[in-house]
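Residues in the sequence shown are numbered consecutively from 1, following UniProt numbering. In what follows, a structure is listed as structure tokens, so that the remarks can point back to it.
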Amino acid sequence: MNTPRRSSIKGFTLVEVIVVIVVMGILASMILMNIGGTDQRKAMQAREVFLMDMQKMLRVANDQSRILALNPQSATDVANFQYNIVEYLPTQQTSGSYNQNNQWKTYSEFEPRILPDHVSLSIQALDHAYRNANNSELLKQSAPKLIWLGNGEAKPVRVQFYLNDQPIGSEIEIDHLGKIVDES
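Structure follows, in structure tokens:
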């Protein structure tokens with residue numbers, strides 16, 4: 001009489017091994033996407049906050065007839081890229097002489113915004129003829145590139161956000177009438 005022999009199979013089949021490898025690969029890619037995507041999300045959130053800040057500053061400049069400007073401050077070894085708003089205060093004539101110092105003062109009603117790590121922005125001035133401009137202080141090279149003039153107009157610029165020196169999102173354009181165009 002033959003007794004059935006129990007064959008003891010030890011180990012995994014090839015199909016089981018492949019399934020485990022595929023599942024581990026999928027999980028690893030999901031983890032990497034989430035880690036890499038966090039910086040991208042933070043950069044896009046900073047871009048949206050920037051857009052809201054620009055709309056707010058446009059309204060404040062128009063409503064209060066103030067001349068406001070964006071003051072970007074580049075990243076350093078110890079600080080991230082940040083920006084704040086400054087206000088133009090025309091020089092006052094005192095005893096026959098003009099005071100040429102401190103025409104741009106920090107606008108106290110706006111807290112400086114610090115961008116996330118490795119996020120920066122660039123501002124490119126767009127060509128525009130200022131034939132009727134009376135105040136050359138606002139047009140000089142040392143003047144900020146983005147200025148709201150308090151009458152609804154602005155110096156036209158194009159703003160681009162960067163994450164690790166790679167453009168993120170579309171360019172934001174502000175035209176001479178203060179209209180903010182975001183094509184994303």
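In this text, a Cβ means the ideal position worked out from N, Cα and C, and glycines have one as well.
Between the beta-carbon of Lys56 and that of Val86 there is about 15 Å, and that puts the pair past the 8 Å contact cut. The three-state secondary structure of Glu48, taken from DSSP, is helix. Partner residues in the beta bridge of Val157, as assigned by DSSP, are Ala125, Ile174. Taken through DSSP and simplified to helix, strand or coil, Thr106 comes out as strand. Just measuring C-alpha positions, the residue of Asp39, Glu171, Asp117, Leu89 sitting nearest Ala75 is Asp117. Each of Asp39, Thr91, Leu146 was checked against the Cα of Ile168, and the nearest Cα belongs to Asp39.
Annotation: the continuous beta strand (DSSP E) that includes Glu87 extends over 82-88.
For Ile180, the uninterrupted beta strand (DSSP E) run begins and ends at 180-182, by DSSP.
Ranked by Cα distance from Leu89, the first of Pro156, Val78, Glu173, Gln103 is Gln103. Excluding its 5 nearest sequence neighbours in each direction, Ala125 has C-beta neighbours in its own chain below 6 Å: Lys145, Val157, listed in chain order. The three-state reading of DSSP puts Ser120 in strand, counting E and B together.
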